[in-house]
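Heads up: the sequence shown runs through residues 9 to 189, numbered per this note's numbering. Backbone N, C-alpha and C fix where the C-beta goes; we use that ideal spot for every residue, glycine too. See below for the structure under consideration.
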Amino acid sequence: MFESLNRNFGLLIAFVLPGFVFLWGTTYVDGSMGAAWPLTESRLDQFGALLLLLIAATATGIILSAVRWLILDHLHHATGIQAPALDFRNLERKQASFMLVVENNYRFYLFYGNTLMGMLLLGLTAFSKDAQLTRLDGVRWLALSVVLYFASRDSLSRYYTRARLIMGEAPKPPLPKRRYS
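Spelled out as structure tokens, the structure:
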């Protein structure tokens with residue numbers, strides 16, 4: 009039971025919350041989105057509005073995850089964080105430990121990274137639409153984006169280090185024999 013609860017909580021952290029943050033942010037960036045926001049005071053008691061928001065936040069979080077993979081994962085790898093080639097041959101024996109590392113490090117990386125991608129998209133939208141933002145709003149947006157960036161780097165690095173310790177490195181395939189003619 010606890011394993012299922014942990015897995016569902018991890019998915020909530022990784023996808024639903026970043027999607028929710030992004031959707032909520034759109035109501036500030038684009039005034040017309042506020043009318044579509046399902047959690048207004050008059051709709052709080054409607055189960056359908058909450059279910060719609062949950063589905064929309066999940067879908068948005070998964071899309072943000074794809075954007076994160078395309079941009080942030082590659083940026084982290086290009087700037088020094090190296091993904092290990094993990095040896096999954098003994099996963100069955102080490103699964104509990106590995107899942108602990110996933111839940112305690114990688115899920116948080118997904119949260120930080122997915123939320124960062126949402127923040128960057130919201131920022132681009134706000135600045136391109138000439139939204140009524142104050143200088144303080146811009147400073148807050150930038151500060152939160154910087155914190156999310158470094159938190160994502162730290163979580164990914166911790167995940168790679170701990171996963172490598174548990175699973176070990178995959179053996180490298182032998183080099184092909186050279187033929188001399």
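field: Unbroken alpha helix (DSSP H) run spanning W149, endpoints
entry: Translated into the one-based positions of the sequence shown, residue 149 becomes position 141. Where W149 is concerned, the enclosing alpha helix (DSSP H) starts and stops at 143-175.
task: With a 10 Å radius around its C-beta and 16 neighbouring C-beta atoms as the bar for buried, classify L132 as buried or exposed.
output: Position 124 of the sequence shown holds residue 132. Around the beta carbon of L132, fewer than 16 other beta carbons lie within 10 angstroms, which makes this residue exposed.
- request: Could you spell out where the alpha helix (DSSP H) holding A74 opens and where it closes?
  value: What you label residue 74 is simply residue 66 of the sequence shown in a count that begins at 1. Annotation for A74: the continuous alpha helix (DSSP H) segment containing it runs 55-76.
- prompt: For the candidate residues L141, Y167, M127, whose alpha-carbon lies nearest to that of S153?
  reply: Start at 1 with the first residue of the sequence shown, and residue 153 comes out as number 145. Per the Cα distances, M127.
message: Taking 9 angstroms as the threshold (C-beta atoms), are A57 and V110 in contact?
response: On the sequence shown, position 102 is the one that residue 110 refers to. On the sequence shown, position 49 is the one that residue 57 refers to. No, the Cβ-Cβ distance between V110 and A57 is not below 9 angstroms.
message: On a Cα-Cα basis, can you pick out the residue from R186, D162, N113, L156 that is closest to G18?
response: The sequence position of residue 18 within the sequence shown is 10, counting from 1. Closest by alpha carbon: N113.
field: Reference A67; option with closest CA among L83, V29, T87, W149
entry: By one-based count along the sequence shown, residue 67 stands at place 59. Comparing alpha carbon positions, the residue from L83, V29, T87, W149 closest to A67 is V29.
- prompt: Between A93 and H85, is the Cβ-Cβ spacing less than 9 angstroms?
  reply: As a working mapping, residue 93 is identified with position 85 in the sequence shown. As a working mapping, residue 85 is identified with position 77 in the sequence shown. It is not a contact, given that the beta carbons lie outside the stated cut-off.
task: Taking only the alpha-carbon atoms, compute the straight-line gap between I174 and L164 and give it to the nearest angstrom.
output: Taking the first residue of the sequence shown as position 1, residue 174 is located at position 166. Taking the first residue of the sequence shown as position 1, residue 164 is located at position 156. Roughly 15 angstroms between the two C-alpha positions.
query: Distance, Cα to Cα, P181 vs F55?
result: Translated into positions along the sequence shown, residue 181 becomes position 173. Translated into positions along the sequence shown, residue 55 becomes position 47. Straight-line measurement puts the Cα of F55 at about 55 angstroms from the Cα of P181.
message: Between which residues of its own chain and L118 is the CB-CB distance below 6 angstroms, once the five residues before and five after are set aside?
response: Start at 1 with the first residue of the sequence shown, and residue 118 comes out as number 110. The beta carbon of L118 lies closer than 6 angstroms to those of A22 in the same chain, with the five residues before and after it left out.
message: For the alpha helix (DSSP H) containing T35, name the first residue and the last one.
response: Translated into positions along the sequence shown, residue 35 becomes position 27. Annotation for T35: the continuous alpha helix (DSSP H) segment containing it runs 25-37.
- prompt: Around the C-beta of Y188, are 16 or more other C-beta atoms found within 10 angstroms, so that it is buried, or is it exposed?
  reply: In the sequence shown, the residue the question calls residue 188 occupies position 180. Around the beta carbon of Y188, fewer than 16 other beta carbons sit within 10 angstroms, so the residue counts as exposed.
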